[in-house]
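Take the sequence shown: its letter number 170 is residue 169 in this note's numbering, and every next letter is one higher. Glycine included, every Cβ here is placed at the ideal spot set by N, Cα and C. It should be emphasised that the depicted structure is a prediction, and the values quoted were computed from it without experimental measurement. What follows is a single structure, written as structure tokens, with notes after it.
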Amino acid sequence: MQFPPELLNSIGVVLEVIVALITALLVAFWISLVVWTLKDIRSRTRDVFAWLLVMLLVLATGPIGWLLYSLLRPRETMAEVYDRQLEEEALLRDITTRRACPHCQAVTEPEWLLCPHCRTELRRSCAECGRPLDLNWIACPYCTTPVGASTNHQGERGFPIPETAPNEQPLLFEQPPGDSLPAAELVYEEPV
């Protein structure tokens with residue numbers, strides 16, 4: 000069975016057109032891989048040498064180079080790295096601005112005078128204006144009152160410390176040696 004030559008010529012022309020279209024599509028696909036890879040690597044690094052190396056790899060080897068690049072490329076884009084760093088800085092800033100009780104390590108607020116968990120003194124209030132003051136301050140920054148003028152002193156566990164006048168000495172009770180005496184028999188002794 001013989002085919003007419005016109006039919007063979009038309010089949011040859013159709014095959015040439017199909018091969019030309021497939022070749023054009025493959026070239027367009029190859030170029031699109033190079034362009035996509037270049038855009039992707041530029042979003043992931045600022046290194047121009049890496050840009051050129053990756054572009055030449057994909058240009059020379061096509062889909063195999065693109066697959067190799069996809070496996071080896073940096074995981075995050077520069078924008079993602081920047082966003083992650085901003086989040087970390089915000090978290091660190093938040094952590095460093097939080098106050099903790101020096102005794103029980105519970106989180107406290109900056110305006111609290113004592114820890115609500117263990118009653119440890121965190122700050123004092125100014126005797127003049129009543130604003131909270133840090134324990135290491137020697138004067139109120141708001142009204143310039145010396146902190147020593149404050150009468151709201153508390154001890155380590157938050158309980159008031161009894162104050163004495165500068166010339167006043169504490170009372171001393173003398174107990175004779177031997178058995179303990181009832182409270183009524185204690186002798187008051189004046190300081191010398």
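Nearest in C-alpha terms to residue 39, of all of 54, 125, 26, is 54.
By the Cβ-count criterion, residue 35 is exposed, with fewer than 16 other Cβ atoms from all chains shown falling within 10 Å of its own Cβ. Rounded to the nearest angstrom, the gap between the Cα atoms of residue 46 and residue 67 is 18 Å. Rounded to whole angstroms, residue 18 and residue 32 show a C-alpha spacing of 21 Å. Where residue 39 is concerned, the enclosing alpha helix (DSSP H) starts and stops at 4-43.
DSSP, read as helix, strand or coil, puts residue 115 in coil.
Fully contained in the segment 82-150 are the following beta strand (DSSP E) runs of length 3 or more, in chain order: 122-124, 131-133.
If you look at residue 0, you'll find it isn't in any alpha helix (DSSP H); DSSP assigns it neither H nor E. Around the Cβ of residue 86, a 10 Å sphere holds fewer than 16 other Cβ atoms; the residue is exposed.
Contact check for residue 117 against residue 128 fails: the beta carbons are separated by 8 Å or more. According to the DSSP assignment, residue 73 belongs to no alpha helix (DSSP H), since it is labelled neither H nor E. Residue 64 sits in a helix when the DSSP states are folded into three classes.
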